[in-house]
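Undergrad:
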Amino acid sequence: MKAEFTAIIEPAPEGGYWAICPEVPGTNGQGETVEEAKNNLREAIELILEDRRQDILRGLPEDAIQEKVLVG
Numbered sequence: 000m001k002a003e004f005t006a007i008i009e010p011a012p013e014g015g016y017w018a019i020c021p022e023v024p025g026t027n028g029q030g031e032t033v034e035e036a037k038n039n040l041r042e043a044i045e046l047i048l049e050d051r052r053q054d055i056l057r058g059l060p061e062d063a064i065q066e067k068v069l070v071g
């Protein structure tokens, strides 16, 4: 799945950078470089969204219809 998210990256007071994604609450990343912070944020977004997806699917009844929806 491909999607586009906003990365807000700021210098960390102790050095390096930290990043958050406003579209996915709870995600953050950090790194010595901007690129490293972005990569860590990308991984956090993927993990949180997959975890949320699995939580929802566990509670579905067996006869629920699951289909893909394309956005964008």
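Note that numbering that gives the first Met the number 0 has the sequence shown beginning at 0, numbered continuously upward. Where is the CB? At the ideal position from N, CA and C, for every residue including glycine.
Taking all protein chains shown into account, decide if I55 is buried (16 or more other Cβ within 10 angstroms of its Cβ) or exposed.
TA: exposed
Undergrad: What span of residues does the beta strand (DSSP E) with Q29 cover, start to end?
TA: For Q29, the uninterrupted beta strand (DSSP E) segment begins and ends at 27-30.
Undergrad: I think C20 touches T32, with their Cβ atoms under 8 Å apart; what is that distance to the nearest whole Å?
TA: Rounded, the Cβ-Cβ distance is 18 Å, inconsistent with contact.
Undergrad: Drop a sphere of 10 angstroms on the beta-carbon of G28, count the other beta-carbons inside from all chains shown, and report buried for 16 or more, exposed for fewer.
TA: Only buried fits G28, as 16 or more other CB atoms lie within 10 angstroms of its CB.
Undergrad: Within 10 angstroms of the Cβ of L46, are there 16 or more other Cβ atoms? Answer buried if so, exposed if not.
TA: exposed
Undergrad: One question on the structure: do A18 and K1 come within less than 8 Å of each other, judged by their Cβ atoms?
TA: Not a contact, by the Cβ cut-off of 8 Å.
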